[in-house]
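Working notes, structure below.
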Amino acid sequence: MSLDLSVVIPLYNEEESLPELVEWIERVCKEHAISHEVIMIDDGSTDDSWEVVTKLSREFDAVKGIRFQRNYGKSPALHEGFKAAQGNVVITMDADLQDSPDEIPELYNMIVRDGYDLVSGWKKVRYDNAVTKNLPSKLYNGVNRRISGIKLHDMNCGLKSYMRKVVKSIEVYGEMHRFIPVLAKYAGFKKIGEKVVQHRARKYGHSKFGWERFINGFLDLLTIQFISRFGKKPMHFFGLFGTFTFLFGFLFTLSLIYDKIRLGDNFGITNKPAFYLSLTAMILGTLFFLTGFIAELISRSAADRNTYLTEERIGWDK
Ligand code: UDP
Ligand code: MG
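In C-alpha cells, the structure reads:
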C-alpha cells in the first residue's frame, strides 16, 4: 500500500512540544484521511526528547524516530529524514510548534492536486523578535530572490511540502536547508509555489539559530550559485578572471618596457604605479589559473562527476 504523506521533523532539545505536536498532526491527518508516517529526527538532543519520541512511537503507529549520536544540525537531520521518507508527498515542519499542522492538508493538496513540485510556507505575519529575526530576514530574502531568481518571500521557512521525487533528488548538507528551493531548482524542478502559513510564537524552549545565520546563509548562497554554475567546469570561472587579470598586467608591462626602451635611463620603472599594478595583476592572474586547474582536477576525480538526474526512460524492458 502506498503511503500518502511523510511528515519529517528535525528536532533538537524540544521535549516539551513533541507530544502536542504529534497529537495535532495525527488529528489533522485522520480528519482528512491522509495515510501518513511521522519521522522524527533527534539531532543529538541533551534533554529528554528521545525518551518522548520513543514513548510517542509506542503510542502511535505512524511515529518513527531516528536519533543522531551528536548534534549535527538541521540540514543533516532533514537529509536523514528525506532518505527514510516513503510517502508520495513529504512535508517538513519544525518541532517547536511554531508551524501549525493545520496547514498540512492544503500543502498536501497543492502537490497532488495542483501539481507543484515544491511548496514553501510563507510566514507573512511572524511572531519572532523584530530586530534579530524579522527585519534581517526580509533583507535576506530580498537578496536571495535577486541572486537565485526564485520568487519566494520566505525561503528558509521550515514548513514546506515536496513531491517525493524532489527530496530524493537533492542533497541537503552543511547548512543548506535554507536553500532547498534553490537546490530543487538546480535539480530541474520548476514548479515551485508558495503558501501563506500561520506562524506562532515559540511556546517552549528557545531558538537554536542566532544572527550568524545571515552571514552563513549569504556565504552558502554564493557557494550554491558557484557550484551549480561552475561545479563541473571550474576553469570557466577561474580561467575567465585569470585571463583578464593576466592580460591587464601584461599590457601594462609591455607599455613599461616600451617606455624604458624609448626613454632609457630617464625612465625609472619602479617609480611608476603601473609597475606595481602590472606585477600584482600578473601574479593574481597566474593564481586564478592555478586555482582553476586544481579545481578541475578535483572535479574530475569527484565520485559523482558523471551522475545525472534523468526524468524518464522508455523502451528499456522490451
Ligand atoms: N534544529 C535541529 N538541529 C539544530 C538546530 C535546530 O534539528 O542543530 C531544529 C529545531 O529543533 C527546530 C527546527 O530545527 O525543530 C528550527 O529551529 P528553531 O526553531 O530554533 O529555528 P527558528 O524558528 O528560530 O528559526
Ligand atoms: Mg522555531
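Under the working numbering, the letters of the sequence shown match residues 394 to 711, in that order. For glycine and all other residues, C-beta sits at the position ideal for the given N, C-alpha and C.
Can you tell me where the beta strand (DSSP E) with Val401 in it begins and where it stops? 398-404
So is Trp604 buried or exposed if we call it buried at 16+ other beta carbons inside 10 Å? exposed
Under three-state DSSP, which class holds Glu408? coil
The beta strand (DSSP E) that contains Glu587, what's its start and end? 585-589
Cβ contact check for the segment 419-428 and the segment 511-531: 3 or more pairs under 8 Å: no
Taking C-beta to C-beta, are Ser410 and Tyr579 nearer than 8 Å? no
beta-carbon Glu409 near ligand 1 non-hydrogen atom, thresh 7 Å: no
Which residue's Cα is closest to the Cα of Arg519: Arg463, Tyr465, Ala455, Val590? Val590
Which of helix, strand or coil DSSP assigns to Glu704: coil
Kindly indicate which three-state DSSP category Leu511 falls into: helix, strand or coil? strand
Contacting residues, own chain, Cβ-Cβ under 7 Å from Gly551 (five flanking each side not counted): Thr485, Met486, Asp487, Asp492
Are the CB atoms of Gly458 and Val446 nearer to each other than 8 Å? yes
Alpha-carbon to alpha-carbon, Asn406 and Asp440: 6 Å
Please report the residue range of the beta strand (DSSP E) in which Met486 lies. Looking at the DSSP string, Met486 is not in any beta strand (DSSP E), and its letter there is neither H nor E.
Can you check the segment 508-586 for any alpha helix (DSSP H) of at least 4 residues that lies completely inside it and give the ranges in chain order? 528-541, 557-562, 573-579
Count the other C-beta atoms from every protein chain shown that fall within 10 angstroms of the C-beta of Asp510, then say buried if there are 16 or more, exposed otherwise. buried
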